[in-house]
Ligand code: 9Z3
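In my numbering, the protein residues as written are 408 to 727.
1) So, under 8 Å CB-CB, residue 645 and residue 673 are touching, yes? Tell me the CB distance rounded to an integer number of Å.
2) Does DSSP put residue 542 in a helix, a strand or coil?
3) Under 9 Å, do residue 445 and residue 586 count as touching if we go by C-beta distance?
4) Can you have a look at residue 696 and say buried or exposed, based on whether 16 or more other CB atoms are within 10 angstroms of its CB?
5) How far does the beta strand (DSSP E) with residue 692 in it extend, from its first residue to its last?
6) Cα-Cα, which of 615, 588 and 497 is closest to residue 564?
7) Shorter than 8 Å, the distance from the beta carbon of residue 573 to the closest heavy atom of the ligand 9Z3, or not?
8) Can you tell me whether residue 408 is buried or exposed? The criterion is at least 16 other CB atoms within 10 Å of its CB, across all chains shown.
9) Taking C-beta to C-beta, are residue 647 and residue 561 nearer than 9 Å?
10) Could you give the uninterrupted runs of the alpha helix (DSSP H) lying entirely in the segment 639-702, keeping only those of 4 residues or more?
11) Please tell me whether residue 582 and residue 434 are closer than 9 Å, where the distance is taken between their beta carbons.
12) May I ask whether a heavy atom of the ligand 9Z3 can be found less than 8 Å away from the beta carbon of residue 512?
13) Considering only the alpha carbon of each residue, which of 602, 727, 684 and 722 lies closest to residue 453?
14) Look up residue 489 in the DSSP assignment and give the residues it is bridged to.
15) Could you tell me which residues DSSP puts in a beta bridge with residue 454?
16) Going by C-alpha to C-alpha distance, which of 417, 656 and 519 sits closest to residue 571?
17) Looking at residue 473 and the ligand 9Z3, is the gap between the Cβ and the nearest heavy atom below 8 Å?
18) Note down the Cα distance separating residue 771 from residue 690, rounded to an integer number of angstroms.
19) Determine the direct distance from the alpha carbon of residue 668 to that of residue 510, and round the result to whole angstroms.
20) Taking 9 Å as the threshold (C-beta atoms), are residue 596 and residue 364 in contact?
21) Using the C-alpha atoms, what's the distance from residue 519 back to residue 675?
22) Where do the N-terminal and C-terminal ends of the alpha helix (DSSP H) with residue 713 fall, by residue?
23) Here's the rule: buried if 16 or more other CB atoms are within 10 angstroms of the residue's CB, otherwise exposed. What is residue 546?
24) Consult DSSP for residue 536 and reduce its assignment to one of helix, strand or coil.
25) Can you determine whether any heavy atom of the ligand 9Z3 sits closer than 8 Å to the C-beta of residue 607, and answer yes or no?
26) Should residue 677 be listed as close to the ligand 9Z3, given that the test is whether its C-beta is under 8 Å from any heavy atom?
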């Protein structure tokens, strides 16, 4: 089991963590005063370096879509959101246009009047305009995003490596501890189970001339254990369990609940992760599905997950 001191000894504190810790603490205290619940969402994969002057690393498939979409639904439900996400993974609101080349969404038009943006050497003036059909739904989305920005209810915090993730999660747990049971942890990031300790990593790029590569990796300490037991014992904690084999996913989720004794495991299977999840608690199992019809109308399964968890969080607060 890992505690703060052990983790700090195993993973040197990356730069920037202290500053992010202050931002998270200020954010949490502000929203506590406003009477708002706060959810910490972790999102995206982690990068595990194989060399200290890193050229190669081990990564995973997570796009951050689950976390980004869930953040929007938590904001709609009145939560303040700390969005702890992998650098360049999908981001709330903008993820809808993630596959777009922005240059295709913009066009240059001759500019009239005084608010010209760029004067070309020829003396003609042009301004940039959005091509609406390339970015459908942009206006309401932008309005929504700007409202969230004005309300100050979304705090993005970035990580890149496994070590940054671990330190920032620890700092977030400290930041949220004054909120007691009105804090929620929604741990959707796909965190590596394996890493190479700094002391065992080659400094320079591994040479292919040395032949086939064999590496031995250590187990990453299970953060859920100290999180539930020591760092946020009053909070409402949700972990995710991903499997590729549907026959084992429920058992594995129940095992995690038994081991860590937190509130909910959201189980999902790689092939169906956008249309089916199973919410497991100590005494319940709830299947949530997204039908083809719902998907074709732009509905997302995260809306159902967040509605369900919001209700469970209310019951949890009232019970405690
Ligand atoms: C999940 O299961 C998430 O739902 C996904 C979302 C990563 C599948 P995307 O980011 O995907 O929308 O592309 N997250 C947790 C996965 C995980 O690694 N869980 C660990 C495990 O299963 C426990 S914390 O052992």
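The beta-carbon is built from N, C-alpha and C at its ideal position, and this holds for glycine as well.
A quick look at the data gives this:
1) 6 Å
2) coil
3) yes
4) exposed
5) 691-696
6) 497
7) no
8) Because the pLDDT of residue 408 is 43, which lies under 50, any placement of that residue in the model is unreliable, and the number read from its coordinates should be weighed accordingly. Exposed.
9) no
10) 656-667
11) yes
12) no
13) 602
14) 447 and 562
15) 568
16) 417
17) yes
18) Because the chain is modelled from 408 through 727, residue 771 falls outside the range shown and cannot be assessed.
19) 49 Å
20) Nothing about residue 364 can be reported from this structure: the residues present for the chain run from 408 to 727 only.
21) 54 Å
22) 708-726
23) exposed
24) strand
25) no
26) yes
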